[in-house]
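Chemist:
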Amino acid sequence: MIRVAFDIGGTFTDFVLHDSRSNRTLTGKVSTTPEDPSLAVEAGLKEMLATAAITGSDLGAVLHATTVATNAVLERKGAATGLITTEGFRDVLLIGRQKRYETYDLYIEKPAPLVRRRHIVEVRERIAADGSVVAPIDMASVDLAIDAMLAAGRESIAIALLHAYANPEHERRIAERIRQKAPGLAVTLSSEVSPKFREYERTSTAVTNAYVMPIIDRYLKRLEMTLAEIGCRERLLIMQSNGGLASPVMARDYPVRVIESGPAAGILMCADVARSIGRRDVVTFDMGGTTAKLGAIDNGTPAIMPTFEVDLVRSRRGSGLPLNLPAVEMQEIGAGGGSIARVEKGMIAVGPDSAGAVPGPICYGKGGTLPTITDANVVLGYISPDRFNAGTMTLDVAGATLGMEIHVARPLGISVAEAAWGVHMIATTNMENALRLVSVERGRDPRNYAMVAFGGAGPLHAARLARRAGVPQVVVPNGAGVGSAIGLLQAAPRIDVSTTRVLRLDGRDASSSIEELYRRLEAQARSEIARVGQSGEPQWSRYAQMRYVGQGFEIHVDLPGGPIDAGYPEKVAEAFRQAYLRKNKFVDEQGIVEGVDWTLVATHGRHGDVAIRMAEGGALGAQVLTRKAWFPEADGFTETRVLNRAALLGAATFAGPVIIDDPYCTIVVPPGDSVRMSDAGHIIIDIDPEGRS
Amino acid sequence: MTALSSDASAKLDPITLTVIWNTLLSIAEELGVTLRNTAFSEAVREGDDFATALFDKNAVMIAQGNYSPGHLGSMPFMAKQVLEYIPAETLKPGDSIMVNDSFIGAGHFPDVYQIMPVFVDSRLVGFVCCSAHQVDMGGAAPGSQKVHGVTEAFQEGLRILPIRFVREGRIDKDIMRIVLGNVRVPDKVRGDLLAQHTANLSAAARLQKMFSDYGVATVESAYATILDRSEATMRETLAKVPAGTYSFEDYMDDYGPNTDPIKMAVDITFDGKGSVEFDFSRSSDAVPAAINSYINYTRAYAVFATKTFCNALDPQTEGSMRPIKLTVREGCFFNPRFPAPSGGRPILQIRIFDTINGAMAKALPERAMGAFSHWSNPNIGGIDDRTGRPFVMYDVSLGGYGGQYGKDGVEGMTPVMNCSNIPVEVHETHNPVRIHRFGFIPDSGGAGQWRGGCGVQKDIELLNSTATLSHLGDRHVFAPYGIFGGKPGALAESILNPQGNGERLHSKETRAIKRGDILSFRLSGAGGYGPPEKRDPKAIAEDLADGFVTEEHAKREYGWIANAENGTGQS
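Structural data, given as structure tokens:
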């Protein structure tokens, strides 16, 4: 089958086309067209089809990762949205959880809510925590609410009532009435999009869904028109935040599920790379122009977190809009190639401010005047000034050096090279701390993990980061520069269905209750699978959010498979205790265990084990050049070999220091480490055991 | 005080220093995350009513997490007091100490500290610590925060002077039994005490790893530099404040039904060279009710206010606290002698800040703000009819900020203390209550060029046959002030059964309530900044559209004239 994948990023839209019969892979990059992203898709797709000498009808699948939903939220360019809620609770969304993300800063702002107070309307009804109806819904108040929404020009409505997770009936009645009275309005039910307790977080999730729903709908319409013209409209699937592919229908109903679409695709690519080199456990490291993203894969499966936040301020936890949805585990920090370096309190600080694409790092020569991480890497001799971005840009080394001198070296009284090295190392340290959050903080010993590095800047910092964090091996995948698009080719249709049901495992009915709720989840999953257009029996797996009775937060526990019988609750409890000990270094043997959110995952088979591999090439061929690059192990600048990937073909192993030019990234191998190519065409760096911490 | 010399820091390179400092902050932050995620009580797991700190081997504080300032600022004094009871050389790996004394700790018994020594190769290298507000420590009323009628600390529940409650890795079951035998909700207290221990264990493991990565000498050298740098940064910022003495006075409503107001007075002296002194001595004497502010608590908020005004983002260490001096005469409300009762002292924290803010307005007019809309911290407890076991519903209601230079007071963000609210759905799941309203009170924010944030109303119905309310609020008599011509916010009110005869409750009253009673807690609004006549008419129109103010209020306070034709208006 021939499949094409495209990932729309902030600067470039990346394409990968793969033909499983000939095992041929093509890549491409075109500039993103923010005003209408489908324009770039059209241009890029046509180019890919022409190069491959095929037509749209030859495509078996069109796979897509998008940041449209994320950007609508970040830029507050979503739909005109209204919120209908329970009488007495109009302000839940605006009040939030109230904690400051900076204790000592009383001047901070909360992120602007997606709905203003004037567009939040109450209806008379009340449901109790156990789902019983305290006050039946007053449909006259519902009609008034709908009229108010229409009068205020709302195009999308979120409905979030108290305890709707326990009884969705009232939310459904309101939705029904909206569909009768105003069929043009988009409607989101909190009980469908996020059936979990804690009203603020559930409301926030529902409102975010409503806010992006018409945007995604319009976007998909344009995209589908483009694809229809090319002749492959029916084959479109979209990446969700949890790493599964969904149909456009699903993405239209639950657009909030595609918020982390791009990062999820990247993680899947890493999982595939891990498989191809025989690794089950990897940490993932994606560093681009403005941020670095760190994630993890355990036992071959990308880690999925039950909740996340969008629109964080200063990367501070608790500063963003919470979303009660599973997403690939990701720690994002403001350290990218464009992050600006400065001196504060006699120390070097890097990021989170970024020079972005405009004006960009000094070395781009587009008017940037403040030194960035990329400038530091140019000064250190790591980046080939004449072969940056597949040779499309020439970098200004002198400008980068001068900027580093003025803004970092002189204020600290150190040399320019030392300053650049300081910037490089501080950035690495910041990423190390983020890496810790996804590794040791969550019970993962980095010594047992490999690191998969991708993105424009990831492979440059990876070996140093791995060394500091104690990770023994780095893998730079084939096609690291278009990693997320490759990941799309490796995704499988996946449906997660969840329910909230607080269930003590010591209860007499525990096993029958678990059996019953999983039976219902399976029915729900099957109906969703039908909408994705999949046939055949999926693979099933279960997980739950669990805690000790009395706690308020749960941990993720993968549940055992097999029949749910009388012995099952104790197996579940034991799985919890193991997970708890790994995470917290303590187990309370007297504690009673309960499950809160129960999830069933249906996965359809992937498209075989596709080995995606770019052709080796490039101007350098197997030729080896040298250049001076700075390494503390060599006490400063030292003559360093610079090679192309092709030089590594044929089982050659090179000892560091070595620099490898990939079309869209640079790989730096410090002294002590060694580098080679795997059978699948990935570059493997073995980290010096002496240098690891 | 510190035994570390600054000479040691000279050799440390800036990169290693940054790495160590960031790692310390990350450990202190994660300690709190583990505590929250493993805790049992709503106060800790939902409300974030706790704090964390890391110390060197001499109990000098090196790093803290982003948590509650009353606890954070009490840490250095607490740690040194603990080591006077239990000398460091008697500690063994796996030990952990517990303390809740109001003089040593954060000023009332519910705040329990656990401090754990950390060893590397059997050598003491430092301590990890967390404090947590236990939802009950026994005493006169559920929640251990009863104010009125409590005249000495011995009526406030279990007092724990520093004890080794974990010895070489084993939790002392006898001590645990004493503690749990004295509290109303033993399951929650046990769960939270274990959560504190779990969090310390996780942090200690990371600290050990850092010491073994970099070596004890390097880390200790970094500690010295961190303390010196943070002290120098604080002095640098304090030196920028114009030298002089700035004074302000305000009044707490009272300390129970039929009692007098409490004078809160501060004189703040900046010497222009990098030091500041806070003197609260002109305030009232200590009162015979459980609301006194022990010196450690007073200091915590003086330190908090200093950082807020001068140096908010620099990480707090004991070094950054050195230039801040506190002078309070003994026996004063802000420096009582033991056994002064203090269970209800949380209600003071915003008021201490408001008092300092009033003085700072004269020194740094563009940093000062209108007084906060204050908060309330009621505890409702009894025997749950459904289970036959005690329950304590600990609640926090948090309102808006005062107007600030250039912007209106933020709505609905925690002032001063840094807690979260507890979700309605969580309360209703665990306690026999139904909440009928949780939202802003229109027109309550003080008018101004930049208006104060609105107060928040929470109406709670009791579904149990009986319970005891231990109310904790203020600003029912003295409204949150506005500054530079801004108007005060509306007064707070607490009303029993507003749908019926609407009896007014006192802000610090303890009383029995019965099934069907509705408690309506209405916070005051925050004070405005600048004269209302200077307010941008567009901002008034926006407030009207969002219902933060009514048209009547806009007319009265801003001279607003509605323009019926196009829905806008002018003032």
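Order-wise, the sequence lines are chains A and B. Under the working numbering, think of the first position of the first sequence as 1, with each following residue one higher. Under the working numbering, think of the first position of the second sequence as 694, with each following residue one higher. The beta-carbon is built from N, C-alpha and C at its ideal position, and this holds for glycine as well. Predicted, not measured: the structure shown is a model, and the values here were computed from it.
Check whether the region 464-484 of chain A and the region 373-388 of chain A touch, using three or more Cβ-Cβ pairs below 8 Å as the test.
Modeler: With a cut-off of 8 Å, the region 373-388 of chain A and the region 464-484 of chain A do not count as touching, because too few Cβ pairs lie within range.
Chemist: Quick check: is the beta carbon of residue 933 of chain B nearer than 8 Å to any beta carbon in chain A?
Modeler: So, not an interface residue.
Chemist: For residue 495 of chain A and residue 60 of chain A, I'd like the C-alpha separation in whole angstroms.
Modeler: Going by the C-alpha atoms only, they are around 21 Å apart.
Chemist: Please work out which residues of its chain come closer than 7 Å, Cβ to Cβ, to residue 804 of chain B, disregarding the five sequence neighbours upstream and downstream, and give them in chain order.
Modeler: The residues are 764, 793, 798, 824, 826.
Chemist: For residue 889 of chain B, which three-state DSSP category applies?
Modeler: Three-state result, residue 889 of chain B: helix.
Chemist: Please determine, among B:1181, B:1009, B:1146, the residue with the shortest C-alpha to C-alpha distance to residue 95 of chain A.
Modeler: The shortest C-alpha separation from residue 95 of chain A is found at B:1146.
Chemist: Under 8 Å, Cβ to Cβ, is there at least one residue of chain A near residue 1117 of chain B?
Modeler: For residue 1117 of chain B, the answer is yes, since a Cβ of chain A falls inside 8 Å of its Cβ.
Chemist: Using a Cβ-Cβ distance under 8 Å, would residue 94 of chain A count as near chain B?
Modeler: Judged by the 8 Å Cβ criterion, residue 94 of chain A is in contact with chain B.
Chemist: Would the beta-carbon of residue 266 of chain A fall within 8 Å of that of residue 284 of chain A?
Modeler: Yes, the pair counts as a contact, with Cβ atoms nearer than the cut-off.
Chemist: Grouping DSSP H, G and I as helix and E and B as strand, with all else coil, what is residue 291 of chain A?
Modeler: Residue 291 of chain A: coil per DSSP, three-state reduction.
Chemist: Closer than 9 Å, Cβ to any Cβ of chain B: which residues of the region 194-213 of chain A, in chain order?
Modeler: Per Cβ criterion, the list reads 197, 198, 199, 200, 201, 202.
Chemist: Could you tell me whether the region 534-545 of chain A touches the region 709-718 of chain B, using the rule of 3 or more Cβ pairs below 8 Å?
Modeler: At 8 Å Cβ cutoff, the stretches do not touch.
Chemist: Ordered along the chain, which non-local residues of its own chain (more than five positions away) have a Cβ less than 8 Å from that of residue 555 of chain A?
Modeler: If we look at residue 555 of chain A and ignore the five residues flanking it on each side, its Cβ neighbours are 545, 546, 547, 576, 579, 580, 583.
Chemist: Check the Cβ-Cβ distances between residue 640 of chain B and every residue of chain A, and say whether any is below 8 Å.
Modeler: As displayed, chain B neither begins before 694 nor continues past 1264, which places residue 640 of chain B out of reach and without an answer.
Chemist: Evaluate residue 426 of chain A with the Cβ neighbour count: other Cβ atoms within 10 Å of its Cβ, from every protein chain shown; 16 or more gives buried, anything less gives exposed.
Modeler: Classification of residue 426 of chain A: buried, given that the 10 Å Cβ count is 16 or more.
Chemist: How far does the beta strand (DSSP E) with residue 924 of chain B in it reach, from first residue to last?
Modeler: Note, residue 924 of chain B: premise wrong, no beta strand (DSSP E); alpha helix (DSSP H) at 909-932.
Chemist: Which ranges would you report for the beta strand (DSSP E) in the region 549-614 of chain A if only whole runs of at least 3 residues count?
Modeler: Here the runs fully enclosed are 555-558, 593-603.
Chemist: Short check: CB of residue 746 of chain B to CB of residue 721 of chain B, under 8 Å?
Modeler: Yes.
Chemist: With DSSP as the reference, identify every bridge partner of residue 85 of chain A, one or two as the case may be.
Modeler: According to DSSP, residue 85 of chain A bridges with A:122, A:160.
Chemist: How should residue 415 of chain A be labelled, buried or exposed, when 16 other C-beta atoms within 10 angstroms of its C-beta is the threshold for buried?
Modeler: By the neighbour-count rule (16 or more Cβ atoms within 10 Å), residue 415 of chain A is not buried but exposed.
Chemist: Do residue 677 of chain A and residue 649 of chain A have their C-beta atoms within less than 8 Å of each other?
Modeler: Cβ distance < 8 Å, so residue 677 of chain A and residue 649 of chain A count as in contact.
Chemist: Could you check where the beta strand (DSSP E) with residue 421 of chain A kicks off and where it finishes?
Modeler: Not the beta strand (DSSP E): residue 421 of chain A falls in the alpha helix (DSSP H), residues 416-438.
Chemist: Can you tell me whether residue 609 of chain A is buried or exposed? The criterion is at least 16 other CB atoms within 10 Å of its CB, across all chains shown.
Modeler: Annotation note: pLDDT 48 at residue 609 of chain A (below 50); position unreliable, coordinate value reported separately. By the 10 Å Cβ count, residue 609 of chain A comes out exposed.
Chemist: Which term fits residue 136 of chain A, buried or exposed, when burial requires 16 or more other beta carbons within 10 angstroms of its beta carbon?
Modeler: Exposed, by the Cβ-count rule.
Chemist: Which value, in whole angstroms, describes the spacing of the CA atoms of residue 1122 of chain B and residue 594 of chain A?
Modeler: Between residue 1122 of chain B and residue 594 of chain A, the C-alpha separation is close to 15 Å.
Chemist: Let me know if residue 1107 of chain B comes out buried or exposed under the rule of 16 or more other beta-carbons within 10 Å of its beta-carbon.
Modeler: Buried.
Chemist: Assign residue 17 of chain A to one of two classes, buried (16 or more other C-beta atoms within 10 Å of its C-beta) or exposed (fewer than that).
Modeler: By the 10 Å Cβ count, residue 17 of chain A comes out buried.
Chemist: Would you kindly work out how many angstroms separate the C-alpha atoms of residue 91 of chain A and residue 1138 of chain B, rounded to a whole number?
Modeler: Distance between the alpha carbons of residue 91 of chain A and residue 1138 of chain B: 16 Å.
Chemist: List, in order along the chain, the chain B residues whose C-beta lies closer than 9 Å to that of residue 551 of chain A?
Modeler: Within 9 Å Cβ-Cβ: 730, 731, 732, 733, 738, 884, 888.
Chemist: Go through its chain and collect everything with a Cβ distance to residue 401 of chain A's Cβ below 7 Å, but skip five positions before and after it.
Modeler: Closer than 7 Å at Cβ, skipping near neighbours: 379, 416.
Chemist: Would residue 1180 of chain B and residue 1221 of chain B be called neighbours here (beta carbons separated by less than 8 Å)?
Modeler: Yes. Within cutoff.
Chemist: Using CA atoms only, rank isn't needed, just tell me which of A:482, A:568, A:559 is closest to residue 507 of chain A.
Modeler: Taking only the C-alpha atoms, the option nearest residue 507 of chain A is A:568.
Chemist: Strictly below 8 Å CB to CB, what residues from chain B border residue 105 of chain A?
Modeler: Chain B residues near residue 105 of chain A: 1001, 1005, 1006.
Chemist: Check the Cβ-Cβ distances between residue 98 of chain A and every residue of chain B, and say whether any is below 8 Å.
Modeler: Closer than 8 Å: yes.
Chemist: Checking the sheet assignment: what are the DSSP bridge partners for residue 354 of chain A?
Modeler: Residue 354 of chain A is bridged to A:339.
Chemist: What did DSSP end up calling residue 1023 of chain B once you bin it into helix, strand or coil?
Modeler: Here residue 1023 of chain B sits in coil by DSSP.
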